[in-house]
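Asks: Remember, my numbering sits 5 above the position in the sequence shown when you count from 1. Using N, Cα and C, we set each Cβ at its ideal position, and we do this for glycine too. In this text, all values refer to a predicted model and were calculated from it rather than measured experimentally.
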Amino acid sequence: MDRGNARAAGVFFVVAAVAAIAGLVLYQPALTDPGYVLGAGADGRVLLGGWLEVLLAASCIGTAVCVYPVVRRESESLALGYVCGRVLEAAVITTGAVATLSLVTLRQGGGPEDVAVARALVALHDWTFLVGPGLVIGVNSLLLALLVHRARLVPRWIAVLGLVGGPLVLLSSTAVMAGLVDDTSPWRFVAALPVTAWEMSLAVRLVTRGFGTPSAVRPATALTPA
């Protein structure tokens with residue numbers, strides 16, 4: 006069962022990464038052009054991007070569902086926190102996707118007065134992108150990395166990437182929210198590298214080798230982090 010869960014979780018991590026990148030690329034005409042709702046539009050691209058964002062949200066939940074039965078043996082409370090965090094992340098991502106897809110509706114039947122509405126929807130998407138794949142994913146990465154590190158389910162270097170990458174993404178997103186760093190700053194990209202490496206190395210490990218077993222046989226603990 007653990008091997009099957011590990012492979013499924015690894016696949017979900019890969020699908021989430023691909024969907025996130027492809028969806029953001031496809032969204033660009035709607036997110037970067039204030040007059041998108043007045044032009045010919047690229048509705049097909051935006052709709053496909055929205056579908057990929059929903060796939061991303063589903064994959065977030067999928068990873069949590071697959072790893073929960075394993076990591077709960079280390080700490081049920083932390084494992085439950087990870088599941089709830091991934092559900093929250095998926096909800097925020099879906100909200101951003103709906104906001105962007107709404108631009109298609111505006112373009113198909115709107116007028117010049119809808120440009121202001123379009124700007125508001127783009128701003129909503131930008132904030133969901135900062136909160137979901139920024140603040141929330143930072144906490145989620147830290148929780149999962151802590152669980153797999155304590156249970157010795159993956160090599161230490163992989164867990165360390167998550168233990169470092171999660172807080173870095175959380176801090177950089179907080180800095181953007183506080184106006185200390187611009188969202189397009191190169192430091193944002195640098196801060197995201199460790200957590201990206203964490204997710205991809207974890208995915209490869211889970212698909213090819215599965216979870217380790219040194220402490221995976223211990224019974225589930227009570228609702229305490231220890």
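(1) Using the beta-carbon count (16 or more within 10 Å), is Phe194 buried or exposed?
(2) According to DSSP, simplified to helix, strand and coil, what is Ala80?
(3) Tell me the DSSP secondary structure of Pro160 in three-state form.
(4) By how many angstroms is the C-alpha of Gly170 removed from the C-alpha of Phe4?
(5) Give the single residue among Ser146, Val144, Leu43 whose Cα lies nearest to the Cα of Glu118.
(6) Checking 8 Å against the spacing of the C-beta atoms, do Ala35 and Leu135 come in under that value?
(7) Given that a residue counts as buried once 16 or more other Cβ atoms are within 10 Å of its Cβ, and exposed if not, what is Ala231?
(8) Alpha carbons only, please: which of Met205, Leu52, Arg157 is nearest the one belonging to Arg78?
(9) Arg3 and Tyr41 look like a contact to me (Cβ under 8 Å); what is the Cβ gap, rounded to whole Å?
(10) Tell me which same chain residues have a C-beta within less than 6 Å of the C-beta of Gly137, skipping the five on either side of it?
(11) Please state if the CB of Ala196 and the CB of Val181 are separated by a distance shorter than 8 Å.
(12) Here's the rule: buried if 16 or more other CB atoms are within 10 angstroms of the residue's CB, otherwise exposed. What is Cys65?
Replies: Reading it off the structure:
(1) Looking up residue 194 in the sequence shown gives position 189. Counting Cβ neighbours within 10 Å, Phe194 comes out exposed, since fewer than 16 surround it.
(2) Looking up residue 80 in the sequence shown gives position 75. It should be pointed out that residue 80 corresponds to Ser in this sequence rather than to Ala. Correct three-state label for Ser80: coil.
(3) As a first step, residue 160 must be located in the sequence shown, where it is residue number 155. Three-state result, Pro160: coil.
(4) Since the first and last residues shown for the chain are 6 and 231, residue 4 lies out of range.
(5) For the purposes of this step, residue 118 is taken as the residue at position 113 of the sequence shown. The residue with the shortest Cα to Cα distance from Glu118 is Leu43.
(6) Position 30 of the sequence shown holds residue 35. Position 130 of the sequence shown holds residue 135. No, Cβ-Cβ distance for Ala35 and Leu135 is not below 8 Å.
(7) To locate residue 231, count along the sequence shown from 1; it is residue 226. Residue placement at Ala231 is poorly supported in this model, since its pLDDT is 38, which falls under 50; the coordinates are not used for a value here.
(8) The sequence position of residue 78 within the sequence shown is 73, counting from 1. When only C-alpha atoms are compared, the closest one is Arg157.
(9) Nothing can be reported for residue 3, as the shown portion of the chain is limited to 6 through 231.
(10) Working through the sequence shown from its first residue, we reach residue 137 at position 132. Glu94, Val97, Ile98, listed in sequence order.
(11) For this step, residue 181 is matched to residue 176 along the sequence shown. For this step, residue 196 is matched to residue 191 along the sequence shown. One thing to note: Val181 has its Cβ no nearer than 8 Å to the Cβ of Ala196.
(12) Taking the first residue of the sequence shown as 1, we reach residue 65 at position 60. It is buried - the Cβ of Cys65 has at least 16 other Cβ atoms within 10 Å.
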